[in-house]
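*Asks:* Going left to right, the sequence shown walks through residues 1 to 201 as the numbering used here numbers them. Positions of the beta carbon are idealized from the N, C-alpha and C atoms, including for glycine.
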Amino acid sequence: MTCTSGRTDLHRRRIRSLVRRHGQLRHHYLGAQRFGLDRHPPDGAEEGWHYLSSSKILYNGYWVTKNIYFRDTYDYPDTAPGPRLPHYIRTRAPILVVTRKYVCKEYDIDVAGKDCLGDPYSTEDNPRGIFILGSGFGRTHDGQPQGTPNKNPLLHVTSFRGRTRAVPPSSTDNYWPGYIISKEGITVGLTETNTASMSFV
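(1) With 16 as the cutoff for other CB atoms within 10 Å, does Gly111 come out buried or exposed?
(2) Quick check on the burial criterion: 16 or more other C-beta atoms within 10 angstroms. Buried or exposed for Phe230?
(3) I'd like the list of long-range same chain contacts for Ala93, defined as Cβ closer than 6 Å, with 5 residues on each side in sequence excluded.
(4) Might you give, ordered along the chain, the residues of its own chain that have their beta carbon closer than 6 Å to the beta carbon of Leu190, omitting 5 neighbours on each side?
(5) Take Asp119 as the anchor and find which of Arg128, Pro149, Tyr107, Asp125 has the nearest alpha-carbon.
(6) Among Phe200, Thr195, Gly61, Ala45, whose alpha-carbon lies nearest the alpha-carbon of Gln125?
(7) Can you tell me whether Leu190 is helix, strand or coil according to DSSP?
(8) Measuring CA to CA, which of Ile57, Thr65, His50 is closest to Gly44?
(9) Is it the case that the Cβ atoms of Thr187 and Arg90 are separated by a distance below 8 Å?
(10) For Cys104, I'd like the list of residues in its chain whose CB is within less than 6 Å of its CB, leaving aside the five on either flank, ordered along the chain.
Quick look at the structure:
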């Protein structure tokens, strides 16, 4: 991952692993120092934080909007119409750049603020090795008030294979924002075909 250029390449195998391990996360966040991003937020940046109730880890930082690229693993036939374009899906969404990591003794999920309740077990400034992408389900409770759908990269696709699609999608594309998670991986985008066997309530 190279966030100085705003480009992220994530193979589907890696996505499956992240969904299994972090299926309740909704957004993309990473350590500032590891990816060459400033630990001091730029002017106008929105302050951000995210609490992981299972591990009592509280991340603090700021939001920055970046392009995120996913490799498309579908093997397109040579006879497919059109030019041989790069096999990637490009999305654009806010990323939480982590500049401080706490391990909390206690945390008030009703307040869900950027500080632990009382002194933390540990504090680490400008932490390394943080790289998490979760598809999630849009929860905003359990200490995650900023976990809103606008931060889910799978809901904000801007192009497929180098072809920019209309936003919102035109009726001729038969594409709607969304994704399907299965044992085979993740299918990005809802169409009449891949939702034919589904019931919506």
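*Replies:* On the basis of the supplied data:
(1) Here residue 111 turns out to be Val, not Gly, going by the sequence shown. By the 10 Å Cβ count, Val111 comes out exposed.
(2) Absent from the structure is residue 230, since the part of the chain shown begins at 1 and ends at 201.
(3) Lys151, Pro153, His156
(4) Trp176, Gly178, listed in sequence order.
(5) Tyr107
(6) A small fix is needed here, since residue 125 is Asp in this sequence, not Gln. Looking at the Cα atoms, Gly61 is the closest of the given residues.
(7) strand
(8) Answer by Cα proximity: Thr65.
(9) no
(10) Here the set comprises Lys56, Leu58, Cys116, Pro120.
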